[in-house]
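J.: Residues in the sequence shown are numbered consecutively from 2, following my numbering.
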Amino acid sequence: MPISQLNPNKADAACLPGDIREDCIGIYKLPMDDAAAKYVETPEKLKMYAPDLKWVEPIQYPATYQDAINQLKEQRQNFDVAQENIAKGDIRQAGLILLDVVPKVTAAGRYIVSSYSIAANNERNKASDSD
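1. Cα separation between Arg93 and Pro44?
2. Got a sec, what are the start and stop residues for the alpha helix (DSSP H) Arg77 sits in?
3. Express the C-alpha separation of Cys16 and Glu42 in angstroms, rounding to a whole number.
4. Helix, strand or coil for Lys30 per DSSP?
5. Using beta-carbon positions only, say whether Leu73 and Ala109 come within less than 7 angstroms of one another.
6. Measure the C-alpha to C-alpha separation of Ala14 and Ala69 and round it to an integer number of angstroms.
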């Protein structure tokens with residue numbers, strides 16, 4: 002019997018961030034960056050470049066700094082639930098929660114870092130203007 006017939010189940014090689022299907026637990030997630038976004042921003046583009054991936058709505062970045070902080074606090078609570086599931090031995094449910102938590106924390110964290118960078122640049126510009 003050929004090896005390919007030993008395990009006839011489909012094996013996904015990657016998932017998009019925000020895809021919370023059980024099949025995505027432990028699977029590579031495409032990075033959430035501007036370079037990849039143009040290839041996956043619509044179902045049509047994804048089908049053109051990566052037809053085997055399931056399209057999901059891109060993770061929305063917070064609109065304000067306060068929204069980012071609130072999102073981190075909310076996701077911390079979800080992370081705690083995942084920890085409780087792990088302690089109870091429900092690894093599958095914990096994995097599903099983490100599939101949702103990780104991209105939202107990433108988006109909020111990037112917004113906060115960007116805010117600090119902008120604020121630091123503004124301070125630096127003010128200091129150089131006053132010289």
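Even glycine gets a Cβ: it sits at the ideal position worked out from N, Cα and C.
T.: This is what the structure holds:
1. Between Arg93 and Pro44, the C-alpha separation is close to 27 angstroms.
2. Tyr66 to Ala88
3. Roughly 14 angstroms between the two C-alpha positions.
4. The DSSP-derived three-state label of Lys30 is strand.
5. yes
6. 31 angstroms
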